[in-house]
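Notes to accompany the following structure.
Shown next, in the form of structure tokens:
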């Protein structure tokens with residue numbers, strides 16, 4: 001069933017995943033399209049962004065944000081068009097980026113959304129990728145926490161993903177030597193040939209740690225962490241004095257149901273942080289850097305529209321395919337920024 | 001045998017400790033007093049500082065500094081008096097703070113030392129404590145990395161030690177709520193009654209984690225890490241969003257010969273750093289903040305000489321007692337800054 005103008009299709013959290021999500025964790029339903037009250041808007045979804053953080057929201061545990069409750073519409077960034085407006089700042093036909101979740105229609109009071117203007121209107125899904133939350137994440141995680149200097153070695157995991165692909169390209173613009181880590185030879189080739197990274201290591205190679213060492217002859221100054229697990233272990237053996245590790249994500253462990261076997265290396269890790277005088281810092285881009293959005297949008301917008309930064313989208317048609325696509329994203333099956341095209345326009 | 005003016009007593013690394021150091025790891029010898037060449041000084045030791053970092057230097061592994069080699073004089077901060085001078089900037093009788101190790105006499109070219117002037121000459125061992133390296137460590141670790149704000153909760157371990165006692169007092173000056181963690185009721189009482197901490201928890205209490213939780217009803221914003229191990233685990237359960245953890249030392253694990261049993265919680269720790277948007281940063285005060293020494297000395301000197309910061313020294317007489325005293329320090333037997341009084345004056 002495609003998007004209609006009579007019902008609202010939506011996906012709810014049916015049950016919490018144990019390990020990797022399965023289709024039964026998602027519930028599909030159709031409900032009437034809501035009516036906006038005074039001061040409100042009715043929005044129709046065009047694009048839905050799928051991102052790794054969604055897995056965390058499906059757990060019961062509070063993380064940086066409250067967990068989804070069973071029966072809640074699953075959260076997600078969206079590009080939408082205004083269908084009805086009782087709000088003075090928005091007119092029917094305006095295109096906005098917001099956070100309206102896995103559904104065709106939503107009511108908004110106009111907060112936590114931005115009207116799209118200018119050249120991005122010709123490529124609206126950019127507002128969910130390079131010029132949206134993933135871009136903000138890459139930009140400030142690298143520049144503010146990673147603080148890369150020309151000639152330094154920057155390593156980024158999930159290197160062809162929505163965030164990682166931007167991190168590496170920004171690091172190249174900043175004059176760094178950039179090594180990506182990605183899954184499989186096709187992604188690695190793309191990272192070097194299209195994104196312009198100096199090297200890219202396949203984390204599926206049994207010899208990954210040795211290959212990473214050979215690719216980083218001067219050690220690692222900045223590691224932009226997206227994955228955790230064995231990649232992190234390999235990186236930790238190669239960090240230089242004064243290394244910075246922005247922790248953006250840990251996709252390799254989001255589906256884990258138990259900790260890895262011991263020994264417990266927390267003390268060893270803190271000992272390395274001490275002896276190498278490292279800085280390890282977690283961040284949530286919208287919370288830590290949302291107030292600096294314009295600074296990011298100006299810089300990244302220029303790079304994107306001048307062609308200095310390239311991007312790749314992995315677009316799936318149809319809201320009905322969102323659960324399977326998120327399951328695949330968590331397995332690394334995507335190649336580029338994952339977008340669900342909910343409606344043609 | 002006391003200090004003489006005919007021989008140089010000194011302690012060498014005889015063998016590397018496996019676990020806790022034992023007396024056999026240290027070798028005592030007497031050698032002739034060296035003669036300074038042109039541009040050099042001969043220094044006679046008055047005070048020797050003993051500090052936890054010395055344990056790390058006894059290992060074979062390179063840390064932030066090269067390891068001691070077997071047969072090397074053991075390193076250490078010293079207050080010394082100039083006995084002979086072939087250096088234009090120093091005169092016989094000058095008192096200097098330097099890094100001349102576990103011995104009575106040493107040659108210096110005048111680098112990496114400072115002449116003591118002003119009121120500190122009346123309490124020279126302060127140059128090895130509150131107004132020396134431990135003070136520098138406490139000051140910048142807390143202020144630059146911890147960045148405490150009035151009303152925030154600051155927790156510091158090894159709370160009555162050379163560094164921890166200063167950290168807590170500076171945090172009080174900055175308007176924070178301060179909770180110390182120390183070994184035994186006598187140290188805890190001192191932390192509250194004399195140092196002015198709000199609370200102090202005994203890490204030897206089986207109920208330590210629960211007591212810490214009760215002592216930190218608003219969670220923990222800054223944890224100044226000196227110890228590692230079970231104290232760190234208890235703290236990690238209580239950190240607030242945006243918490244900062246300066247990692248200064250890990251004394252509880254310096255003598256460890258194996259990692260704790262699993263599971264391996266590195267991923268869980270990084271997950272916490274991410275979801276709590278924390279900053280964890282290791283530092284070596286002399287390397288990271290040596291260039292800002294004057295800023296520290298001005299502030300701390302004023303606090304100390306105005307009586308706003310108090311300090312406690314644990315002084316042992318006689319260079320011959322240095323090994324046993326370091327062994328005790330690593331077991332937490334000291335109460336205050338550990339100083340070896342090598343000579344009366």
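Chains as they are written, first to last, in my numbering: chain A, 1 to 345; chain B, 1 to 345.
Virtual Cβ for every residue (Gly too), placed ideally from N, Cα, C.
Since this is a predicted model, take the numbers as computed values, not measurements.
Since residue 270 of chain A and residue 247 of chain B should fall inside the 8 Å C-beta cutoff, what is the C-beta to C-beta distance between them, to a whole number of angstroms?
About 6 Å separates the two Cβ atoms, so the contact holds.
Residues in its own chain within less than 8 Å of residue 120 of chain B by CB, not counting five upstream and five downstream?
Cβ within range, chain order: 126, 127, 131 and 301.
Following the continuous alpha helix (DSSP H) through residue 56 of chain A, name the residue where it begins and the one where it ends.
Where residue 56 of chain A is concerned, the enclosing alpha helix (DSSP H) stretches over 53-57.
Taking 7 Å as the CB-CB limit, is residue 260 of chain A close to chain B?
Closer than 7 Å to some Cβ of chain B, the Cβ of residue 260 of chain A qualifies, so yes.
Under the three-state reduction of DSSP, which class applies to residue 200 of chain B: helix, strand or coil?
DSSP places residue 200 of chain B in strand when its eight states are reduced to three.
Does the distance from the C-beta atom of residue 56 of chain A to that of residue 76 of chain A stay below 7 Å?
Their beta carbons are not under 7 Å apart, which means residue 56 of chain A does not touch residue 76 of chain A by this criterion.
Would a C-beta distance cut-off of 7 Å place residue 188 of chain A and residue 200 of chain A closer than the cut-off?
Yes.
If we count the other Cβ atoms within 10 Å of its Cβ and call it buried at 16 or more, is residue 258 of chain A buried or exposed?
When all chains shown are included, residue 258 of chain A counts as exposed.
Going by CA-CA distance only, name the one from B/316, B/203 and B/28 that's closest to residue 7 of chain B.
Selected option, being the one with the closest Cα: B/28.
Between residue 325 of chain A and residue 277 of chain A, how many whole angstroms is the CB-CB distance? I'm expecting something under 8 Å.
Not confirmed; about 42 Å, so no contact.
To the nearest angstrom, how far is the alpha carbon of residue 34 of chain A from that of residue 71 of chain A?
Whole-angstrom Cα-Cα distance: 17 Å.
Can you find at least 3 beta carbon pairs, one from the region 77-86 of chain B and one from the region 7-18 of chain B, that sit closer than 8 Å?
Verdict: no, contact absent.
On the CB-based measure, 16 or more other CB atoms within 10 Å of its CB, does residue 203 of chain B come out buried or exposed?
Label assigned to residue 203 of chain B: buried.
Comparing C-alpha positions only, which one of A/106, A/342 and A/42 sits nearest to residue 349 of chain A?
Nothing about residue 349 of chain A can be read from this structure; chain A reaches only from 1 to 345.
Assuming residue 148 of chain A and residue 171 of chain A are in contact, meaning their beta carbons sit under 8 Å apart, how far apart are those beta carbons, in whole angstroms?
Rounded, the Cβ-Cβ distance is 5 Å, consistent with contact.
Quick one: which residues of the region 276-310 of chain A get their C-beta closer than 9 Å to a C-beta of chain B? List them in chain order.
So the close ones are 276, 277, 278, 279, 280, 281, 282, 283, 284, 287 and 288.
Do you know offhand how far residue 32 of chain B's Cα is from residue 5 of chain B's?
Rounded to the nearest angstrom, the two C-alpha atoms are 10 Å apart.
Following the continuous beta strand (DSSP E) through residue 317 of chain A, name the residue where it begins and the one where it ends.
Unbroken beta strand (DSSP E) run through residue 317 of chain A: 313-317.
Tell me the DSSP bridge mates of residue 11 of chain B?
The partner list for residue 11 of chain B (beta bridge, DSSP) reads B/28.
From B/232, B/213, B/133 and B/124, pick the residue whose C-alpha is nearest to that of residue 252 of chain B; which is it?
Of the candidates B/232, B/213, B/133 and B/124, the one whose C-alpha sits nearest the C-alpha of residue 252 of chain B is B/232.
Could you have a look at residue 155 of chain B and say whether DSSP puts it in helix, strand or coil?
Residue state, collapsed to three classes: strand.
What's the gap between the Cα of residue 123 of chain A and the Cα of residue 46 of chain A?
Answer to the nearest angstrom: the Cα atoms are 12 Å apart.
Would residue 250 of chain A count as contacting chain B if we go by Cβ distances under 7 Å?
So, interface residue.
Could you say which of A/330, A/114, A/266 and A/83 lies nearest to residue 104 of chain A if we only look at CA atoms?
Measuring from the Cα of residue 104 of chain A, the nearest candidate turns out to be A/83.
Taking buried to mean at least 16 other C-beta atoms within 10 Å of its own C-beta, is residue 281 of chain B buried or exposed?
So residue 281 of chain B ends up on the buried side.
CB residue 313 of chain B to CB residue 336 of chain B, shorter than 7 Å?
The answer is yes: Cβ separation under 7 Å.
Measuring CA to CA, which of A/332, A/319, A/25 and A/331 is closest to residue 341 of chain A?
For residue 341 of chain A, the nearest C-alpha among the options comes from A/319.
If we call anything under 7 Å between Cβ atoms a contact, is residue 176 of chain B one with residue 152 of chain B?
Yes; because the gap between Cβ atoms is below 7 Å, this pair is in contact.
Let's test the definition: count the other Cβ atoms within 10 Å of the Cβ of residue 210 of chain A and tell me whether it reaches 16, buried, or not, exposed.
Flag for residue 210 of chain A reads exposed.
May I ask you to list, following chain order, the residues of the region 215-232 of chain B that have a beta carbon less than 8 Å from some beta carbon of chain A?
Those residues of the region 215-232 of chain B that come within reach of chain A (Cβ to Cβ, closer than 8 Å) are 225, 228, 229 and 232.
Apart from the five residues just before and just after residue 315 of chain B, which ones in its own chain have a Cβ nearer than 7 Å to its Cβ?
Same-chain partners within the cutoff: 339 and 341.
Show which residues of chain A have a CB atom less than 8 Å away from the CB atom of residue 253 of chain B.
What residue 253 of chain B touches in chain A: 267 and 271.
From this set, B/173, B/283 and B/143, which residue's C-alpha is nearest residue 306 of chain B's C-alpha?
It is B/173.
What in chain A is Cβ-close to residue 63 of chain B, meaning under 8 Å?
Near residue 63 of chain B (Cβ distances below 8 Å), the residues of chain A are 275.
Can you name, in chain order, every residue of its own chain whose Cβ lies under 6 Å from the Cβ of residue 218 of chain A, other than the five neighbours on each side?
Once the five neighbours on either side are set aside, the close Cβ partners of residue 218 of chain A are 153.
Please confirm whether residue 181 of chain B and residue 159 of chain B have their CB atoms less than 7 Å apart.
Yes.
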